[in-house]
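Peer 1: Dropping a structure here in structure tokens format, bear with me for questions.
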Amino acid sequence: MNNIEADKNIKRKGKKVKIDVDFEGKLSFGERLKMRVASFKFFKDIVWFIFRFILLLGISYVVLLPFITKIAGSFMSADDFLDVTVKLIPKYPTLDTYYYIFTENKYLEALTNTTILSALCAVVQMFTCAVVGYGFSKFKFRGNKFLFICVVFTMIVPHQTLQTSMFMKFRYFDLYGIYQFIYKTFNLGSLYVKNVASTKIWQYPYFNLINTYWPLAILSFGGLAFKNGLYIFMMRQFYKGVPDELEEAAYVDGSGVFKTFIRIILPLSVPMMITIFLFAFSWQWTDNFYTSFFFTKDGLYLMPHIVQIPKTLGKIASTMVNGATYQAAINNTCGLMIIIPLIIMYCFCQKFLVQGIERSGIVG
Amino acid sequence: MNSEAKAKTVPVQTKKRRRSKSLDRKKARAGWMFVLPFVLVFVLVYVPIVVDSVNYSFNEIVILQGGGYDLDFVGWDNYSYALFENPDFVQTLTTGIQQLIFDIPAIVVFSLFMAILLNQNMPGRTFFRAVFFVPVILSTGIIDSIDANNAILQDFMNSNGIDTGAEAANAGSQIISAIDIEQLFMNMKVGTELVEYVVDVVNNIYGIINRSGVQMLIFLAGLQSISPAIYESCTVEGATAWETFWKITFPMISPMILVNAIYTVIDAFTSSSNTVMTFISKISSETLGDVRSSAMSWMYFLIVMLIIAVVAAILSAYVFYQRRD
Numbered sequence: 000m001n002n003i004e005a006d007k008n009i010k011r012k013g014k015k016v017k018i019d020v021d022f023e024g025k026l027s028f029g030e031r032l033k034m035r036v037a038s039f040k041f042f043k044d045i046v047w048f049i050f051r052f053i054l055l056l057g058i059s060y061v062v063l064l065p066f067i068t069k070i071a072g073s074f075m076s077a078d079d080f081l082d083v084t085v086k087l088i089p090k091y092p093t094l095d096t097y098y099y100i101f102t103e104n105k106y107l108e109a110l111t112n113t114t115i116l117s118a119l120c121a122v123v124q125m126f127t128c129a130v131v132g133y134g135f136s137k138f139k140f141r142g143n144k145f146l147f148i149c150v151v152f153t154m155i156v157p158h159q160t161l162q163t164s165m166f167m168k169f170r171y172f173d174l175y176g177i178y179q180f181i182y183k184t185f186n187l188g189s190l191y192v193k194n195v196a197s198t199k200i201w202q203y204p205y206f207n208l209i210n211t212y213w214p215l216a217i218l219s220f221g222g223l224a225f226k227n228g229l230y231i232f233m234m235r236q237f238y239k240g241v242p243d244e245l246e247e248a249a250y251v252d253g254s255g256v257f258k259t260f261i262r263i264i265l266p267l268s269v270p271m272m273i274t275i276f277l278f279a280f281s282w283q284w285t286d287n288f289y290t291s292f293f294f295t296k297d298g299l300y301l302m303p304h305i306v307q308i309p310k311t312l313g314k315i316a317s318t319m320v321n322g323a324t325y326q327a328a329i330n331n332t333c334g335l336m337i338i339i340p341l342i343i344m345y346c347f348c349q350k351f352l353v354q355g356i357e358r359s360g361i362v363g
Numbered sequence: 000m001n002s003e004a005k006a007k008t009v010p011v012q013t014k015k016r017r018r019s020k021s022l023d024r025k026k027a028r029a030g031w032m033f034v035l036p037f038v039l040v041f042v043l044v045y046v047p048i049v050v051d052s053v054n055y056s057f058n059e060i061v062i063l064q065g066g067g068y069d070l071d072f073v074g075w076d077n078y079s080y081a082l083f084e085n086p087d088f089v090q091t092l093t094t095g096i097q098q099l100i101f102d103i104p105a106i107v108v109f110s111l112f113m114a115i116l117l118n119q120n121m122p123g124r125t126f127f128r129a130v131f132f133v134p135v136i137l138s139t140g141i142i143d144s145i146d147a148n149n150a151i152l153q154d155f156m157n158s159n160g161i162d163t164g165a166e167a168a169n170a171g172s173q174i175i176s177a178i179d180i181e182q183l184f185m186n187m188k189v190g191t192e193l194v195e196y197v198v199d200v201v202n203n204i205y206g207i208i209n210r211s212g213v214q215m216l217i218f219l220a221g222l223q224s225i226s227p228a229i230y231e232s233c234t235v236e237g238a239t240a241w242e243t244f245w246k247i248t249f250p251m252i253s254p255m256i257l258v259n260a261i262y263t264v265i266d267a268f269t270s271s272s273n274t275v276m277t278f279i280s281k282i283s284s285e286t287l288g289d290v291r292s293s294a295m296s297w298m299y300f301l302i303v304m305l306i307i308a309v310v311a312a313i314l315s316a317y318v319f320y321q322r323r324d
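Residue numbers (numbering that gives the first Met the number 0), protein chains in the order written: chain A, 0 to 363; chain B, 0 to 324.
Next up, the structure:
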């Protein structure tokens with residue numbers, strides 16, 4: 000009862016009650032400033048602030064220096080490499096390096112092919128990983144733990160280990176002899192016999208998928224391409240954070256599992272999917288492992304293939320004293336030209352990358 | 000059968016149970032449908048690739064003239080070749096694994112440190128974050144391999160990354176050089192190995208920064224999941240920042256440390272700048288279809304799996320899991 004009365008009192012006097020917490024009010028401005036500045040905590044904060052800033056700046060410098068030297072080197076002409084005084088800013092700036100790489104190394108062809116390949120893979124991987132991640136996070140079915148261990152396994156086994164057999168698989172592509180079986184039963188053509196050194200050799204029918212988009216498309220579709228295990232893991236963690244009530248409400252309203260996924264879950268996970276798209280796109284873009292054996296220079300011309308010295312510049316470099324440095328600079332320029340589209344993309348989408356992983360809560 | 004027996008006794012309950020069971024079954028089927036793309040390609044393409052790869056490591060491959068290839072069973076020959084006959088493999092393997100073991104603590108500690116820094120409120124945080132994640136996107140694959148044999152960046156990335164005093168000769172005014180710092184540390188009597196290790200890490204700072212991008216992201220995510228209420232109560236209790244870190248941040252982030260240690264091993268193991276992997280893929284690409292590379296990489300894989308198991312076993316003893324109800 001007392002409390003209530005007190006409350007009423009306060010309410011009645013509401014406007015009059017005023018608590019003074021202005022401890023510094025009586026001090027002059029100069030003294031207040033002194034109090035704040037002279038305190039140990041303020042000093043410590045300032046020192047820490049400066050130290051942190053310098054440290055971060057220094058490390059940023061280390062991260063960015065390679066790009067800065069590459070950019071500087073790309074504008075240098077051959078004369079700049081002979082001049083000892085030139086360090087970072089070219090004395091005789093030129094666009095020749097860019098020009099010759101663009102024309103002689105068929106940059107545009109590589110750009111279109113790589114864009115098609117990366118976009119295809121990234122889109123397919125984005126959807127596959129979302130779907131598979133959803134399956135792992137929200138459904139309990141027999142064998143889901145085992146399957147998830149399989150996913151982790153694909154993440155751990157490096158693709159270099161499988162390099163030879165992967166090449167063979169897609170060079171002589173057949174699914175457990177199914178195609179061969181169809182080939183045999185429907186008699187689509189003669190099956191065998193090449194007489195090599197008087198021994199009959201069976202020539203199995205196969206698809207040669209080298210130099211097509213198929214190998215990577217198939218791997219992407221299954222979520223087995225480069226680092227896809229990580230994406231599936233990220234999607235799974237993300238969906239685990241989505242409350243079950245959302246889906247239950249949808250089920251009660253009579254929508255099926257797939258409809259719920261498409262209408263409710265998928266729109267929810269757009270930011271996460273953008274993150275995965277960015278990862279997949281940029282890692283596929285700069286990938287030179289798959290491209291080195293799934294695609295040859297004469298077949299499908301991709302970005303990694305443009306890393307070579309253009310003929311005109313090569314002639315100049317071969318006559319120079321320190322031609323090796325010049326050639327390295329040209330190679331760097333090739334690298335720069337490869338990642339220019341990615342840099343542009345990164346400037347706009349950097350926010351998604353950082354937020355995406357934070358939101359995914361790999362934390363568990 | 001059980002449900003049938005019960006059906007006679009309590010019919011109402013079974014009706015309910017049966018319905019829920021069928022819903023469960025429906026959901027289980029839907030779950031299979033969702034993971035179907037993975038299962039399909041895994042069984043149809045990936046498993047044969049893995050099996051082939053293991054198979055190749057016991058065989059010799061002969062590419063036929065008419066197209067197609069033939070396998071010749073040779074038993075453990077490929078393995079014994081890699082271990083005893085190839086002059087470089089064992090050496091590359093040991094140095095590679097040594098490097099790997101040394102890199103794990105360096106990368107984990109560095110990325111934890113950077114994540115804590117980047118998690119603090121300060122002007123320009125977005126900019127710094129953007130800069131630190133540049134290597135994650137841009138320094139992979141082809142750029143990595145261009146950098147690896149790059150004359151300009153060579154002196155920047157190799158073990159003499161810090162100023163070794165070579166330039167001090169012409170600069171003249173060089174006050175401090177790495178050698179002096181080394182000397183200073185040596186005189187601190189903390190053990191030569193430790194000093195060498197730290198100097199190595201500092202010299203390799205470029206590589207370490209380049210490789211700790213994703214780890215930093217994971218740590219950042221972990222740091223942001225710690226409830227601010229805990230820190231608040233710490234300040235109320237009068238804990239210093241140092242105590243707060245060791246008593247709160249560190250235990251709360253310890254599951255991330257485990258994840259990151261394993262990720263670091265896997266990442267180092269699968270990256271293209273890995274010396275052992277470069278060695279192996281060079282052998283495989285030099286003579287197309289040399290299956291000795293398969294044998295080598297399976298051996299390497301087993302060793303790395305062993306390292307992962309040991310690391311996981313050691314770290315998981317110290318990991319603290321917050322119970323979430």
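Idealized CB from N, CA, C, for every residue including glycine.
Please check if any C-beta of chain A sits within less than 8 Å of the C-beta of Val34 of chain B.
Peer 2: Taking the second sequence and counting its residues from 1, the one referred to as residue 34 of chain B is at position 35. It does; some Cβ of chain A falls within 8 Å.
Peer 1: May I have the straight-line CA-CA distance separating Leu92 of chain B from Phe57 of chain B, to the nearest angstrom?
Peer 2: For this step, residue 92 of chain B is matched to residue 93 along the second sequence. For this step, residue 57 of chain B is matched to residue 58 along the second sequence. Answer to the nearest angstrom: the Cα atoms are 20 Å apart.
Peer 1: For Ser110 of chain B, which residues of its own chain have a beta-carbon under 7 Å away from its beta-carbon, when the five flanking residues on both sides are left out?
Peer 2: Counting from one through the second sequence, the residue named residue 110 of chain B turns up at place 111. Excluding positions up to five away in sequence, the list reads Ser211, Gln214, Met215, Phe218, Asn259.
Peer 1: Excluding the five sequence neighbours on either side, which residues of its own chain have a C-beta within less than 8 Å of the C-beta of Trp282 of chain A, listed in chain order?
Peer 2: Residue numbering aside, residue 282 of chain A sits at position 283 when the first sequence is read from its first letter. Contacts found: Phe225, Lys226.
Peer 1: Under the rule that 16 or more other beta-carbon atoms within 10 Å means buried, what is Ala323 of chain A, buried or exposed?
Peer 2: For the purposes of this step, residue 323 of chain A is identified with residue 324 of the first sequence, where counting begins at 1. Counting Cβ neighbours within 10 Å, Ala323 of chain A comes out exposed, since fewer than 16 surround it.
Peer 1: Considering only DSSP beta bridges, list what Asn58 of chain B is partnered with.
Peer 2: Looking up residue 58 of chain B in the second sequence gives position 59. Bridge partners of Asn58 of chain B: B:Phe72.
Peer 1: Assuming Arg128 of chain B contacts Leu117 of chain B under a Cβ cut-off of 8 Å, what Cβ separation, rounded to an integer in Å, is found between them?
Peer 2: Translated into positions along the second sequence, residue 128 of chain B becomes position 129. Translated into positions along the second sequence, residue 117 of chain B becomes position 118. At roughly 6 Å, the Cβ-Cβ gap stays under 8 Å, so Arg128 of chain B and Leu117 of chain B are in contact.
Peer 1: If I measure Cβ to Cβ from Tyr230 of chain B and keep anything under 8 Å in the same chain, skipping five residues before and after, which residues do I get?
Peer 2: What you label residue 230 of chain B is simply residue 231 of the second sequence in a count that begins at 1. Cβ neighbours of Tyr230 of chain B beyond the five flanking positions: Thr243, Ile247.
Peer 1: Who are the near neighbours of Glu246 of chain A in its chain, counting only those whose CB is closer than 6 Å to its CB and skipping five residues on each side?
Peer 2: On the first sequence, residue 246 of chain A is found 247 positions in, with the first residue counted as 1. Correct list, in chain order: Thr259.
Peer 1: Closest to Lys310 of chain A by CA distance: which of A:Ile329, A:Asp243, A:Lys40, A:Val320 is it?
Peer 2: Along the first sequence, read from residue 1 onward, the residue named residue 310 of chain A stands at position 311. Of A:Ile329, A:Asp243, A:Lys40, A:Val320, the residue nearest in Cα terms is A:Ile329.
Peer 1: Measure the CB-CB distance between Ile307 of chain B and Ile261 of chain B and report whether it falls below 8 Å.
Peer 2: Position 308 of the second sequence holds residue 307 of chain B. Position 262 of the second sequence holds residue 261 of chain B. Result yes, Cβ atoms of Ile307 of chain B and Ile261 of chain B sit closer than 8 Å.
Peer 1: Could you tell me whether the Cβ atoms of Met388 of chain A and Leu229 of chain A are closer together than 8 Å?
Peer 2: The question about residue 388 of chain A has no answer here: the residues shown for chain A are numbered 0 through 363.
Peer 1: Please tell me whether Met251 of chain B and Ile225 of chain B are closer than 8 Å, where the distance is taken between their beta carbons.
Peer 2: Residue 251 of chain B sits at position 252 when you count from the first residue of the second sequence. Residue 225 of chain B sits at position 226 when you count from the first residue of the second sequence. Yes, they are a contact pair.
Peer 1: If you run the structure through DSSP and keep just helix, strand and coil, what is Phe169 of chain A?
Peer 2: In the first sequence, residue 169 of chain A corresponds to position 170, counting from 1. Phe169 of chain A: helix per DSSP, three-state reduction.
Peer 1: Excluding the 5 residues flanking Ala121 of chain A on each side, which residues of the same chain have their C-beta closer than 7 Å to its C-beta?
Peer 2: Position 122 of the first sequence holds residue 121 of chain A. Phe276, Ala279, Phe280, Gln283.
Peer 1: Taking only the alpha-carbon atoms, compute the straight-line gap between Asn207 of chain A and Phe292 of chain A and give it to the nearest angstrom.
Peer 2: Walking along the first sequence from the start, residue 207 of chain A turns up at place 208. Walking along the first sequence from the start, residue 292 of chain A turns up at place 293. Their backbone Cα atoms lie some 13 Å apart in a straight line.
Peer 1: Taking beta-carbon pairs under 7 Å, can you tell me which members of the stretch 262-278 of chain B lie near chain A?
Peer 2: Cβ contacts with chain A come from Ile265, Phe268, Thr269, Ser271, Met276.
Peer 1: Is there at least one Cβ from chain A nearer than 8 Å to Ala27 of chain B's Cβ?
Peer 2: Working through the second sequence from its first residue, we reach residue 27 of chain B at position 28. Yes, contact with chain A.
Peer 1: Can a CB atom of chain A be found closer than 8 Å to the CB of Tyr55 of chain B?
Peer 2: Sequence index remark: in the second sequence, residue 55 of chain B carries index 56 (1-based). So, interface residue.
Peer 1: Could you give the C-beta distance for Pro36 of chain B and Val150 of chain A, rounded to a whole number, given that I count them as a contact under 8 Å?
Peer 2: In the second sequence, the residue the question calls residue 36 of chain B occupies position 37. In the first sequence, the residue the question calls residue 150 of chain A occupies position 151. About 12 Å; that fails the 8 Å criterion.
Peer 1: Run through chain B and tell me which residues come within less than 9 Å of Val306 of chain A, C-beta to C-beta.
Peer 2: What you label residue 306 of chain A is simply residue 307 of the first sequence in a count that begins at 1. Correct list: Ile141, Ser144, Ile145.
Peer 1: Is it the case that the stretch 234-246 of chain A contacts the stretch 133-142 of chain A, given that we only count it when at least three CB pairs across the two stretches are under 8 Å?
Peer 2: The answer is yes - the stretch 234-246 of chain A touches the stretch 133-142 of chain A, with three or more Cβ pairs under 8 Å.
Peer 1: Could you check whether Thr93 of chain A and Ser76 of chain A sit closer than 8 Å to each other, using their CB atoms as the reference points?
Peer 2: Locating residue 76 of chain A in the first sequence gives position 77, counting from the first residue. Locating residue 93 of chain A in the first sequence gives position 94, counting from the first residue. Yes, the pair counts as a contact, with Cβ atoms nearer than the cut-off.
Peer 1: Using three-state DSSP, classify Phe294 of chain A as helix, strand or coil.
Peer 2: Translated into positions along the first sequence, residue 294 of chain A becomes position 295. Correct three-state label for Phe294 of chain A: coil.
Peer 1: Taking C-beta to C-beta, are Phe41 of chain B and Met295 of chain B nearer than 8 Å?
Peer 2: Your numbering for residue 41 of chain B matches position 42 in the second sequence. Your numbering for residue 295 of chain B matches position 296 in the second sequence. Result no, Cβ atoms of Phe41 of chain B and Met295 of chain B do not sit closer than 8 Å.
Peer 1: Trp297 of chain B to Ala316 of chain B, Cα distance in whole Å?
Peer 2: Here residue 297 of chain B corresponds to residue number 298 of the second sequence, with the count starting at 1. Here residue 316 of chain B corresponds to residue number 317 of the second sequence, with the count starting at 1. Distance between the alpha carbons of Trp297 of chain B and Ala316 of chain B: 29 Å.
Peer 1: Can you grab the Cα-Cα spacing for the pair Leu341 of chain A / Phe132 of chain B, in whole Å?
Peer 2: By 1-based counting over the first sequence, the position of residue 341 of chain A is 342. By 1-based counting over the second sequence, the position of residue 132 of chain B is 133. Leu341 of chain A and Phe132 of chain B: Cα-Cα distance of roughly 13 Å.
Peer 1: Rounding to the nearest angstrom, what Cα-Cα distance links Leu161 of chain A and Ile96 of chain B in this structure?
Peer 2: Your numbering for residue 161 of chain A matches position 162 in the first sequence. Your numbering for residue 96 of chain B matches position 97 in the second sequence. When rounded, the distance between both Cα atoms is 20 Å.
Peer 1: Using DSSP's beta-bridge definition, name the partner residues of Phe206 of chain A.
Peer 2: Reading the first sequence from its first residue, position 207 is the one you call residue 206 of chain A. Per DSSP, A:Phe172.
Peer 1: For the candidate residues B:Thr234, B:Ile313, B:Glu236, B:Val303, whose alpha-carbon lies nearest to that of Ser253 of chain B?
Peer 2: The sequence position of residue 253 of chain B within the second sequence is 254, counting from 1. The shortest C-alpha separation from Ser253 of chain B is found at B:Ile313.
Peer 1: Helix, strand or coil: how does DSSP classify Phe74 of chain A here?
Peer 2: Start at 1 with the first residue of the first sequence, and residue 74 of chain A comes out as number 75. Phe74 of chain A falls in the coil class under three-state DSSP.
Peer 1: With DSSP as the reference, label Ile115 of chain A as helix, strand or coil.
Peer 2: Here residue 115 of chain A refers to the residue found at position 116 when the first sequence is read from its first residue. Three-state DSSP puts Ile115 of chain A in a helix.
Peer 1: I'd like to know whether the C-beta of Thr295 of chain A is nearer than 8 Å to at least one C-beta of chain B.
Peer 2: For the purposes of this step, residue 295 of chain A is taken as the residue at position 296 of the first sequence. So, not an interface residue.
Peer 1: With Leu335 of chain A and Lys69 of chain A assumed to form a contact (beta carbons below 8 Å), what rounded beta-carbon distance in angstroms separates them?
Peer 2: Counted from its first residue, the first sequence places residue 335 of chain A at position 336. Counted from its first residue, the first sequence places residue 69 of chain A at position 70. About 5 Å; that satisfies the 8 Å criterion.
Peer 1: Does the beta carbon of Trp282 of chain A come closer than 8 Å to any beta carbon on chain B?
Peer 2: Start at 1 with the first residue of the first sequence, and residue 282 of chain A comes out as number 283. Output row for Trp282 of chain A: interface = yes.
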